[in-house]
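The next block holds one structure in the form of structure tokens; read it before the comments.
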Amino acid sequence: MKFSGFLRKLFSSRTHFFPIFSQQAAYIKQASSALAAMMKTSDRAEWLRLEKEVKMCEVQGDAMLTEFYGELYENMITPIGRDYLQTIAMYIDEFLDNINGSAKSVLLYLPNRLDTQLHEIAQYIESEADALKEIISLLDNIKGNFSALTLQCDRISELEHAADDSYEEYIGYIFQNEKDPIELMKYKNIAENLETTSDSAKKVSDHVRKILLSYSE
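The sequence shown begins at 536 in our numbering and counts up one residue at a time.
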């Protein structure tokens, strides 16, 4: 069976894998919102509370991933299908892990402030989470949702590019304006964590693009 034919069979109806992916996407949305709120305040008590919320989402996401693998190994799926599903799950989990890493970096470095540019990048990440949640909701009917899926993939690409631009501008800003070398490195490392997180969202959408290309054959 051609790969595209297999995908049509796989996605012709809802399966029990989609509720797992959907729940992972919901955790990503919650965690990204907490991260954006974290980057908007300099209240260290709030940093601690919001980091705990992000960590809770990451732990729950890991539990969903374990459940996913249990379901995957129980069901007789062709190697192509297994590889496809594993890649989707892996990239979703990586996105959530990186959101958690970004939140932890604030508590690790305890910067004197969080500049508005960092909040801007976190907002892009939150918007990427919205788009990812939409993608997951559309995957049960690739043929019917082909255009909508393509649109959301394009949206994530645009958001990731915008986050990259904000990151590069911010790095230039802090090197020109921050006189304390220790604080400079703190801001730089937090920004790098955020930029990596934004990049990881694009990995999910790039893989979905490959599926769309195969499905159109």
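Even for Gly, the Cβ is constructed at its ideal location relative to N, Cα and C.
Cα-Cα separation, residue i to residue j
i: M611; j: G605; result: Summary for M611: the model assigns pLDDT 46, below 50, so the residue's position carries little reliability; its value from the coordinates is reported in the next sentence. Looking at the two C-alpha atoms, the distance is approximately 12 Å.
i: M720; j: F681; result: 44 Å
i: S733; j: L667; result: 12 Å
i: R584; j: T576; result: 12 Å
i: A572; j: L673; result: 28 Å
i: D650; j: Q565; result: 22 Å
i: F552; j: D689; result: 24 Å
i: N635; j: A569; result: 10 Å
i: D675; j: I746; result: 13 Å
i: F538; j: Y619; result: Summary for F538: the model assigns pLDDT 46, below 50, so the residue's position carries little reliability; its value from the coordinates is reported in the next sentence. Roughly 10 Å separates the two Cα atoms.
i: V739; j: S637; result: 18 Å
i: E581; j: Q621; result: 35 Å
i: L600; j: Q652; result: 33 Å
i: M574; j: R648; result: 9 Å
i: I677; j: I623; result: 15 Å
i: G704; j: V743; result: This sequence places Glu at residue 704; Gly is not what is there. Approximately 30 Å between the Cα atoms of the pair.
i: I709; j: Y722; result: 8 Å
i: Y702; j: I717; result: 19 Å
i: D699; j: E609; result: 41 Å
i: L643; j: T731; result: 17 Å
i: E588; j: M625; result: 22 Å
Check: residue i C-beta below 8 Å from any heavy atom of the ligand PLP
i: K723; result: Ligands are entirely absent from the displayed structure, and the ligand PLP is therefore not among its contents.
Helix, strand or coil at residue i [DSSP, three-state]
i: P554; result: helix
i: R690; result: helix
i: S682; result: helix
i: P716; result: helix
i: R648; result: coil
i: S577; result: coil
i: I753; result: Given that the chain is displayed from residue 536 to residue 752, the structure contains no residue 753 and the question cannot be resolved.
Beta-carbon proximity list for residue i, same chain, < 6 Å, skipping 5 on both sides
i: A697; result: Y659
i: F556; result: I671
i: C592; result: Y562, Q565, A566
i: S735; result: E629, F630, N633
Neighbourhood of residue i by C-beta, 7 Å cutoff - its chain only, sequence neighbours within 5 removed
i: N596; result: The displayed chain sequence assigns Gly, not Asn, to residue 596. Result list for G596: Q559, Y562, D628, L631, in chain order.
i: S567; result: I634, I660, E661, A664
i: K737; result: I691, S692, E695
i: K590; result: N635
i: E655; result: S701
Close-in-space but distant-in-sequence residues of the same chain around residue i (CB under 8 Å, 5 per side omitted)
i: S640; result: N724, I725, N728
i: P554; result: none
i: L684; result: I670, L673, L674, I677, V743, L747
Exercise. Which runs of the alpha helix (DSSP H), 4 residues or longer, sit entirely within the region 622–668?
Worked result: none
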